[in-house]
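Residue numbers (our numbering): 1 to 295. Data first, discussion second: the structure below is written as structure tokens.
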């Protein structure tokens with residue numbers, strides 16, 4: 001079946017490899033060798049007519065996009081001088097690849113008259129910012145998921161795609177997101193649209209979900225052997241860092257209040273980066289000394 005922007009649709013479910021403790025809805029991984037390609041298996045058995053119709057529509061869309069997908073394969077960047085083994089890099093979605101809070105604020109203002117800017121989010125916990133219960137916060141966010149603000153209104157972060165194209169030449173790139181299972185399909189579509197052919201694997205933590213169990217990012221990263229996590233959330237960064245995973249704490253041009261490490265919480269495994277140029281520089285710095293030391 002034709003490839004859909006870097007995702008291979010329609011493969012039998014048994015061809016999907018699973019992480020050690022991952023549920024079938026938690027992880028979508030490559031059906032081919034991890035280093036050889038960025039085409040990932042994504043399939044779900046059709047349990048009803050509606051699901052079958054969705055799969056048929058997805059197949060038709062895949063055929064329409066096949067030529068675009070082939071043209072959009074990443075241009076492999078050069079590995080750092082002296083680099084040998086590849087880095088396994090986990091990448092967050094919201095605020096690292098796309099501006100989730102920006103789009104959410106637009107929805108909240110149009111639907112509820114709530115007027116917030118990115119500067120207001122001193123912590124990435126919406127109930128605390130909005131002054132409401134967690135249940136109310138979850139309801140608002142899930143209404144956002146149904147809106148055009150979510151499906152078509154999340155801008156990408158500048159320089160992310162070009163940088164990731166270069167990194168894909170010497171890094172194994174995977175998405176590790178706290179997003180919920182309920183928006184799994186929409187998330188894959190968004191990644192396909194803006195970052196087609198880049199990522200080998202996509203993992204969902206299902207945090208703040210109305211149903212289903214959640215999984216810590218540190219557990220996901222450990223189970224897939226990620227060397228580095230790129231994330232904007234201080235809590236996730238500290239959790240991964242204390243579990244031996246290096247973290248690039250993404251604070252886009254210093255504009256994310258929630259990405260500031262509290263005084264005294266600095267960790268040797270955490271490096272603050274302000275844009276994707278600094279991400280690339282930090283990953284190169286991680287790779288080259290390790291190879292030189294081994295030599």
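Quick reminder that beta carbons are idealized off the backbone N, C-alpha and C, glycines included.
Check                                                                                                                          : Outcome
Contained alpha helix (DSSP H) runs [length at least 4] in the stretch 156-239, N- to C-terminal order                         : 160-167, 184-195 and 217-224
Ranges of the beta strand (DSSP E) found wholly within the stretch 234-276, counting only runs of at least 3                   : 246-250 and 270-273
Three-way DSSP call (helix, strand, coil) for residue 106 in this model                                                        : helix
Closest Cα partner of residue 200 within the set 132, 231, 153 and 164                                                         : 164
Residue closest to residue 193, alpha-carbon to alpha-carbon, out of 91, 260 and 98                                            : 98
Start and end residues, alpha helix (DSSP H) containing residue 141                                                            : 134-145
Run of the alpha helix (DSSP H) containing residue 129, from where it starts to where it stops                                 : 126-130
Simplified DSSP assignment, three categories, for residue 284                                                                  : helix
DSSP beta-bridge partners of residue 94                                                                                        : 98
Closest Cα partner of residue 125 within the set 104, 110 and 113                                                              : 104
Beta-carbon gap between residue 300 and residue 247 smaller than 8 angstroms                                                   : Look at the range of the chain in this structure, 1 to 295, and you will see that residue 300 is not part of it.
Which of helix, strand or coil DSSP assigns to residue 89                                                                      : strand
Beta-carbon gap between residue 187 and residue 93 smaller than 8 angstroms                                                    : yes
Reference residue 243, options 129, 219, 205 and 224, closest by Cα                                                            : 219
Proximity test, residue 247 beta-carbon vs the ligand FMN heavy atom, cut-off 7 angstroms                                      : As for the ligand FMN, it is missing from this structure, which has no ligand bound.
Inter-residue spacing [alpha-carbon to alpha-carbon] between residue 134 and residue 265                                       : 26 angstroms
Beta-carbon separation (whole angstroms), residue 237 vs residue 270, contact threshold 8 angstroms                            : 5 angstroms
Cβ contact check for the stretch 136-147 and the stretch 203-212: 3 or more pairs under 8 angstroms                            : yes
Residue from 257, 86, 121 and 149 whose Cα sits closest to the Cα of residue 111                                               : 149
Backbone CA spacing between residue 114 and residue 107 [nearest angstrom]                                                     : 9 angstroms
Beta carbon of residue 258 nearer than 8 angstroms to that of residue 123                                                      : yes
Close-in-space but distant-in-sequence residues of the same chain around residue 76 (CB under 7 angstroms, 5 per side omitted) : Confidence at residue 76 is low in this model, with a pLDDT of 45, below 50, so its placement is unreliable and no value can be given for it.
Residue 279 in three-state terms, based on DSSP                                                                                : helix
Straight-line gap, residue 256 to residue 86 (C-alpha atoms, nearest Å)                                                        : 30 angstroms
Residues near residue 130 in its chain [Cβ-Cβ closer than 7 angstroms; skip 5 each side]                                       : 114 and 137
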